[in-house]
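Residue numbers (this note's numbering), protein chains in the order written: chain A, 8 to 327; chain B, 3 to 390.
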């Protein structure tokens with residue numbers, strides 16, 4: 008039995024709902040998009056999801072809210088009523104789209120004329136605050152930033168809060184926005200041809216609602232495992248029902264093509280390649296897992312990625 | 003009291019010194035200098051006073067040395083072996099992360115080419131999590147890593163999250179680190195919100211009109227009691243509680259009710275009564291709203307039996323994401339010296355608040371000390387440090 012299988016949660020996390028907004032800004036849908044056209048304007052998305060403009064918020068805050076609400080829109084109100092909900096927002100780069108114009112104004116005008124609103128919004132947990140207010144959540148609201156393993160870290164932490172009953176439900180998500188230029192975005196994410204897949208840079212806000220009872224859920228998160236890159240913790244064949252269930256491998260953006268081929272040809276896992284739908288961004292794992300859980304494919308899903316510092320993360324999920 | 007979490011080590015770099023004991027000594031002896039403007043090369047405003055860490059050298063290398071000094075001090079005090087460091091988990095609280103690199107490179111480029119049109123400032127750092135990966139790589143930390151980027155409560159929240167995981171036995175040991183170099187971003191940001199005092203930081207004072215930013219780094223090492231190597235541990239962490247309200251982005255409510263609920267919850271979690279609290283290390287930023295809401299909240303909990311209330315920000319400045327770990331480390335060193343320091347910057351009672359922070363040093367006897375932190379996004383964290 009592998010280390011991943013040994014660390015399967017005693018109580019798998021029911022997934023109540025999943026939702027995502029990718030670079031095309033169409034909630035919960037695969038839609039064509041082009042890196043050259045990024046970033047798209049968010050007015051239509053905000054009006055559609057929230058019913059009214061968010062005038063004092065930048066793109067990052069708008070995408071956080073719209074992505075999370077796209078996850079929650081399919082959840083009956085009675086499922087949330089009276090429940091303690093925790094919010095775990097993960098982001099690799101935070102609110103770069105408001106930090107940069109603010110600091111540019113500071114240096115351009117020798118400190119004069121920067122926007123106070125922009126500064127207040129640029130603090131990473133401002134986005135989580137706006138989401139908490141939209142969703143009517145008080146209590147545990149955390150903003151976690153762990154580069155390209157941010158979402159996995161949030162998922163692991165949310166599981167501990169659910170297990171200890173500090174919360175009843177966890178709204179766990181990841182958001183990173185594209186900020187020009189493509190070259191600078193790639194530098195911020197430390198992307199080189201040697202350490203990542205050759206794919207466009209994108210963006211996304213992708214969320215899971217976890218917890219509650221096992222009835223009427225769309226799947227379960229079975230395990231979240233971190234390990235040094237050199238350690239093989241991937242699952243062997245001892246997962247329950249593995250012989251009859253389909254198996255899907257979700258490769259993260261640092262997993263090279265040769266490794267994907269091994270999973271496909273040697274380990275006999277089908278490849279659920281989500282990255283072309285969202286592009287590379289630090290929390291693309293959130294998009295991948297939400298996308299897979301909404302795909303109506305039945306079986307095991309295993310997401311794998313690692314950071315450039317030699318640390319890897321696996322997320323194992325199952326759908327009905 | 004209910005806790006099995008030991009404080010095994012701590013370290014800090016502040017405007018008062020390059021270690022927690024040195025900072026504590028200067029604080030206790032009253033060797034506190036006012037905030038100054040124009041002393042750090044990459045800061046462009048001649049107006050904004052700040053509490054800088056003293057250093058002969060460029061601000062980028064200073065920030066790197068701050069990081070190492072605080073961590074090295076904590077690890078040495080804790081006597082951690084390489085194996086223990088490797089199995090530890092790392093929790094970092096920071097707002098600016100390594101943004102100092104962007105600002106320093108930009109200002110150096112402008113300085114080297116005066117008269118030329120400035121290049122656009124770029125944002126080359128990889129987000130707040132980059133600090134954590136640098137530390138994990140440098141010190142060989144192999145456990146879980148988390149970076150909380152949550153403004154003023156970043157490292158205090160990190161302490162509470164770490165303690166939670168220790169209590170659940172998900173981890174054995176936590177190295178909690180707060181890091182915040184001075185940045186134009188935050189200085190100008192808080193000034194744009196009219197939250198800065200251009201003269202002096204005066205926590206809880208009637209004449210207060212804002213905060214003054216400080217820089218620093220702090221590290222606190224927490225460990226499960228069943229894992230303690232030493233038979234006797236002098237300091238414990240208890241009652242950690244974090245809470246996010248959703249009423250206002252910039253204010254926790256001026257009636258003090260939110261503060262009262264947060265503090266009451268901390269006391270309840272640790273099974274310590276209000277009468278057992280020896281002193282309070284308050285958040286006390288020097289802003290009108292924070293000090294009013296915090297002051298009223300503390301009075302709602304403690305009433306006439308309010309213990310000494312101390313804000314360190316009149317002496318250290320507000321170190322934003324580093325405040326939690328840094329102030330806790332300095333506080334621990336003060337307790338180790340047997341002294342509860344006085345609160346600096348106060349001169350006149352605000353009748354609306356109804357009490358004065360402690361104006362003299364007091365004896366730090368054994369017992370429970372309350373620490374509170376409040377921040378942007380309506381965030382609150384509080385916990386007890388128990389001296390045994």
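Don't be surprised by glycine CBs; every beta carbon is placed ideally from N, CA and C.
None of these values were measured; they are calculated from a predicted model.
Residue i, DSSP secondary structure in three states
i, result
"residue 150 of chain B", "strand"
"residue 85 of chain B", "helix"
"residue 61 of chain B", "helix"
"residue 233 of chain B", "Because residue 233 of chain B carries a pLDDT of 49, less than 50, the predicted location of this residue cannot be relied on, and the following value inherits that uncertainty. Looking at residue 233 of chain B - three-state DSSP - the assignment turns out to be coil, as it is neither helix nor strand."
"residue 120 of chain B", "coil"
"residue 281 of chain A", "coil"
"residue 194 of chain A", "helix"
"residue 93 of chain A", "strand"
"residue 320 of chain B", "strand"
"residue 246 of chain A", "coil"
"residue 66 of chain A", "helix"
"residue 3 of chain A", "One cannot answer for residue 3 of chain A here, as it falls past the ends of chain A, which runs 8 to 327."
"residue 265 of chain A", "helix"
"residue 262 of chain B", "helix"
"residue 182 of chain A", "strand"
"residue 279 of chain B", "strand"
"residue 273 of chain A", "helix"
Contacts around residue i, its chain only, beta-carbon distance under 7 angstroms, and the 5 residues preceding and following it disregarded
i, result
"residue 18 of chain A", "170"
"residue 327 of chain A", "226 and 305"
"residue 66 of chain A", "46, 49, 104 and 184"
"residue 249 of chain B", "255 and 380"
"residue 101 of chain B", "127, 185 and 187"
"residue 318 of chain A", "156, 233, 235 and 236"
"residue 262 of chain B", "299, 302 and 303"
"residue 81 of chain A", "24"
Cut-off 6 angstroms between Cβ atoms - residues of its own chain near residue i, not counting five sequence neighbours on either side
i, result
"residue 44 of chain B", "61, 105, 106 and 109"
"residue 290 of chain B", "none"
"residue 233 of chain B", "Confidence at residue 233 of chain B is low in this model, with a pLDDT of 49, below 50, so the placement of that residue should be treated as unreliable; the coordinate-derived value is given next. Within the same chain, residue 233 of chain B has no close Cβ partners at all."
"residue 391 of chain B", "Outside the shown range of chain B, which is 3 to 390, sits residue 391 of chain B, and nothing can be said about it."
"residue 61 of chain A", "53 and 69"
"residue 57 of chain B", "64"
"residue 258 of chain B", "295, 298, 299 and 302"
"residue 178 of chain B", "93, 160, 161, 164, 222 and 327"
"residue 11 of chain B", "76, 79, 80 and 223"
Chain-ordered chain A contacts of residue i [CB-CB under 7 angstroms]
i, result
"residue 144 of chain B", "235"
"residue 100 of chain B", "Per Cβ cutoff of 7 angstroms: no residues; residue 100 of chain B is ~11 angstroms from chain A at best."
"residue 165 of chain B", "In chain order: nothing, as chain A lies at least about 12 angstroms away."
"residue 149 of chain B", "151, 152 and 153"
"residue 153 of chain B", "130 and 132"
Chain B contact residues for residue i, given Cβ-Cβ distances below 8 angstroms
i, result
"residue 145 of chain A", "245, 246, 247 and 248"
"residue 260 of chain A", "Ordered by position in chain B, no residue passes the 8 angstroms Cβ test against residue 260 of chain A, which lies about 14 angstroms from the chain."
"residue 105 of chain A", "The premise fails here: residue 105 of chain A is roughly 11 angstroms from chain B at the closest Cβ pair, so nothing lies under 8 angstroms."
"residue 240 of chain A", "Residues of chain B passing the Cβ test: none, with the nearest at roughly 14 angstroms."
Where residue i meets chain B, residues with beta-carbon distance less than 7 angstroms
i, result
"residue 194 of chain A", "126"
Chain A residues whose Cβ lies nearer than 8 angstroms to that of residue i
i, result
"residue 29 of chain B", "Those do not exist, as residue 29 of chain B stays about 28 angstroms from chain A at its closest Cβ, beyond 8 angstroms."
Contacts that residue i makes with chain B (C-beta to C-beta distance below 9 angstroms)
i, result
"residue 139 of chain A", "246, 247, 248, 379 and 380"
"residue 316 of chain A", "135, 136, 138 and 139"
"residue 121 of chain A", "190, 191, 193 and 194"
Close Cβ partners of residue i (< 8 angstroms) along its chain, the five nearest in sequence each way excluded
i, result
"residue 8 of chain B", "224, 225, 226, 227, 230, 235, 237, 238 and 239"
"residue 22 of chain A", "215, 216, 217, 224, 225, 226, 227, 228, 300 and 324"
Beta-carbon neighbours of residue i, restricted to chain A and to distances below 9 angstroms
i, result
"residue 120 of chain B", "114 and 115"
"residue 108 of chain B", "110 and 114"
Residue i CB to nearest heavy atom of the ligand GTP below 7 angstroms
i, result
"residue 310 of chain B", "The model depicted lacks the ligand GTP and carries no ligand whatsoever."
Interface residues of the stretch 122-137 of chain B facing chain A [CB-CB below 9 angstroms]: 122, 123, 124, 125, 126, 127, 128, 129, 130, 131, 132, 134, 135 and 136
field: Complete runs of the alpha helix (DSSP H) confined to the stretch 182-221 of chain B [at least 4 residues]
entry: 186-194
- request: Could you pull out every unbroken beta strand (DSSP E) segment of at least 3 residues lying fully inside the stretch 333-379 of chain B, listed in chain order?
  value: 369-377
query: Could you give the uninterrupted runs of the alpha helix (DSSP H) lying entirely in the stretch 133-178 of chain B, keeping only those of 4 residues or more?
result: 156-169
query: Residues in the stretch 125-136 of chain A with C-beta within 8 angstroms of chain B's C-beta atoms, listed in sequence order?
result: 126, 127, 129, 130, 131, 132, 133, 135 and 136
- prompt: Closer than 9 angstroms, Cβ to any Cβ of chain A: which residues of the stretch 168-191 of chain B, in chain order?
  reply: 169, 170, 172, 185, 186, 187, 188, 189, 190 and 191
message: Using a Cβ-Cβ cutoff of 9 angstroms, what residues of the stretch 292-303 of chain A are near chain B? List them in chain order.
response: none
- request: Using a Cβ-Cβ cut-off of less than 9 angstroms, give me the residues of the stretch 30-46 of chain B that come near chain A, in sequence order.
  value: 46
field: Residues within the stretch 307-333 of chain B neighbouring chain A, beta-carbon criterion of under 8 angstroms
entry: none
message: Closer than 7 angstroms between beta carbons: that is the criterion. Which residues of the stretch 193-220 of chain B meet it against chain A?
response: 194 and 195
- prompt: Taking any Cβ of chain A, which residues in the stretch 249-278 of chain B have a Cβ under 7 angstroms from it, in chain order?
  reply: 251 and 252
query: When Cβ atoms are compared, which residues of the stretch 85-110 of chain A fall closer than 9 angstroms to chain B?
result: 94, 98, 99, 100, 101, 103, 106, 107, 109 and 110
- request: Using a Cβ-Cβ cut-off of less than 9 angstroms, list which residues of the stretch 190-219 of chain A approach chain B; keep chain order.
  value: 191, 194, 195, 196 and 197
- request: Name, going along the chain, the residues of the stretch 242-258 of chain A whose beta-carbon falls closer than 7 angstroms to a beta-carbon of chain B.
  value: none
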